[in-house]
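Protein chains: 2
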Amino acid sequence: MNIGEVASATGMSAKSIRYYESVGLVAPAARGQNNYRAYGAREIAELRFVHRARSLGFSVKDVADLLALWRDRSRASQQVHAMAAAHMAAIEQKIANLETMKATLQTLLLRCHNDDRPDCPILDDLAR
Amino acid sequence: MNIGEVASATGMSAKSIRYYESVGLVAPAARGQNNYRAYGAREIAELRFVHRARSLGFSVKDVADLLALWRDRSRASQQVHAMAAAHMAAIEQKIANLETMKATLQTLLLRCHNDDRPDCPILDDLAR
DNA sequence: CTTTACCTTCCCGTAAGGGGATGGTTTATG
DNA sequence: CATAAACCATCCCCTTACGGGAAGGTAAAG
Chain E
127 MNIGEVASAT GMSAKSIRYY ESVGLVAPAA RGQNNYRAYG AREIAELRFV
177 HRARSLGFSV KDVADLLALW RDRSRASQQV HAMAAAHMAA IEQKIANLET
227 MKATLQTLLL RCHNDDRPDC PILDDLAR
Chain D
127 MNIGEVASAT GMSAKSIRYY ESVGLVAPAA RGQNNYRAYG AREIAELRFV
177 HRARSLGFSV KDVADLLALW RDRSRASQQV HAMAAAHMAA IEQKIANLET
227 MKATLQTLLL RCHNDDRPDC PILDDLAR
């Protein structure tokens, strides 16, 4: 399969696939006589893994570690669990920060007249 | 006040202050005969405004717009309200994405044995 | 007088690709 | 069969919002 086919089959962009290769996340693809990248089932499965892990918010660096664990048939599930737990903690932290911002914004929005008058509690708050 | 004093007074870093100046978010600070930046109450108030808006998650570009509205005594509160509402919507979208990730991770974490055995539902899911 | 603590500018690095230029390849169409 | 549309390749710049650190001038303290 060419890179474009892989892209539409997996939902990722060709740019992303090349990028993952360029940073060493996946091995360089084999090339056809036309110099096009040629993907087999194994490589596609790996790219799917990468895509799925990225969609769960893991960084490219983390995905590299997850891939290594995946390839190591004798890894302890503990290791994977630890990575996932740490990642979830980071996500929870982000959510908490965003929730704080949201709450503040909500309060300000409710106090703002939202009309033609210049008086604006939102700006007043920012300037406090 | 020197930049360091402003930094510790406002909680932002000197680097950030210089950065905001470099991108035109705030006007270039006046300079003393030693070429140090010299800040007055007005400039400090503006930097506080910037800092507060940034802490609510507004981008630097958005802060520039908010500053412009703030300086314009005749702006309609609607305009500020619209910006804040759009920003809150974006934050809610981010939260929703993170919550989806979190839920998936939570499910996977519960299914993982988290012990020395190699069997790992988390990796299995990523590879599905 | 010297050390220490500031300040200045300048340049590099970050995360994860997207956009777009330039040029070769393949395939579809008239 | 010729050519145009659709792919593919590499390469380089752009994005966000600063942080790190180097090189060198200035100021306050011991």
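Protein chains in written order, with our numbering: chain E, 127 to 254; chain D, 127 to 254. C-beta: ideal position from N, C-alpha, C; glycine also.
Under 8 angstroms between C-beta atoms of Gln232 (chain D) and Met214 (chain E): As a working mapping, residue 232 (chain D) is identified with position 106 in the second sequence. As a working mapping, residue 214 (chain E) is identified with position 88 in the first sequence. Cβ atoms of Gln232 (chain D) and Met214 (chain E): closer than 8 angstroms.
C-beta neighbour in chain D for Ala212 (chain E), strict 8 angstroms: Taking the first residue of the first sequence as position 1, residue 212 (chain E) is located at position 86. With 8 angstroms as the cut-off, Ala212 (chain E) does not count as an interface residue toward chain D.
Chain D contact residues for Met227 (chain E), given Cβ-Cβ distances below 7 angstroms: If you number the first sequence from 1, residue 227 (chain E) lands on position 101. Within chain D, the residues near Met227 (chain E) are Leu182, Gly183 and Ile217.
Of the listed residues E:Tyr165, E:Leu249 and E:Ser203, nearest to Ser200 (chain D) (C-alpha basis): If you number the second sequence from 1, residue 200 (chain D) lands on position 74. The option with the nearest alpha carbon to Ser200 (chain D) is E:Leu249.
Cβ of Leu236 (chain E) within 8 angstroms of any chain D Cβ: Counting from one through the first sequence, the residue named residue 236 (chain E) turns up at place 110. No, because no Cβ of chain D sits closer than 8 angstroms to the Cβ of Leu236 (chain E).
N- and C-terminal bounds of the alpha helix (DSSP H) containing His239 (chain E): Your numbering for residue 239 (chain E) matches position 113 in the first sequence. Counting along the chain, His239 (chain E) falls outside any alpha helix (DSSP H), and DSSP gives it neither H nor E.
Collapsed DSSP secondary structure at Arg168 (chain E) in the structure displayed: Within the first sequence, residue 168 (chain E) is the residue found at index 42, counting from 1. Here Arg168 (chain E) sits in helix by DSSP.
Closer than 8 angstroms to chain E by CB, Asp188 (chain D): On the second sequence, position 62 is the one that residue 188 (chain D) refers to. No - not a single Cβ of chain E is within 8 angstroms of the one on Asp188 (chain D).
Contact list for the region 143–172 of chain D against chain E, Cβ threshold 8 angstroms: Answer in chain order: Ala171.
Contacting residues, own chain, Cβ-Cβ under 7 angstroms from Gln205 (chain E) (five flanking each side not counted): The residue you call residue 205 (chain E) lines up with position 79 of the first sequence. Contacts found: Leu195.
Nearest-angstrom beta carbon gap, Ala155 (chain D) and Ala164 (chain D) [assumed within contact, 8 angstroms]: Taking the second sequence and counting its residues from 1, the one referred to as residue 164 (chain D) is at position 38. Taking the second sequence and counting its residues from 1, the one referred to as residue 155 (chain D) is at position 29. That belief holds up - the Cβ atoms of Ala164 (chain D) and Ala155 (chain D) are roughly 6 angstroms apart, short of 8 angstroms.
Arg163 (chain E), DSSP secondary structure in three states: By one-based count along the first sequence, residue 163 (chain E) stands at place 37. Under the three-state reduction of DSSP output, Arg163 (chain E) falls in the strand class.
Cross-strand partners of Arg157 (chain E) (DSSP beta bridge): Looking up residue 157 (chain E) in the first sequence gives position 31. In the DSSP output, where bridge partners are listed per residue, Arg157 (chain E) has E:Arg163.
Which listed residue (D:Ala171, D:Ala190 and D:Asp242) has its alpha carbon closest to that of Ser148 (chain D): Numbered from its first residue, the second sequence carries residue 148 (chain D) at position 22. Out of D:Ala171, D:Ala190 and D:Asp242, D:Ala190 has the C-alpha closest to the C-alpha of Ser148 (chain D).
Test item: CB-CB of Ser203 (chain E) and Cys238 (chain D) under 8 angstroms: Against the first sequence, residue 203 (chain E) aligns to sequence position 77. Against the second sequence, residue 238 (chain D) aligns to sequence position 112. Contact flag set, yes.
Listed by chain order, chain D residues near Ala140 (chain E) by CB distance under 7 angstroms: Numbered from its first residue, the first sequence carries residue 140 (chain E) at position 14. Here the premise fails: no neighbours, minimum Cβ distance about 22 angstroms.
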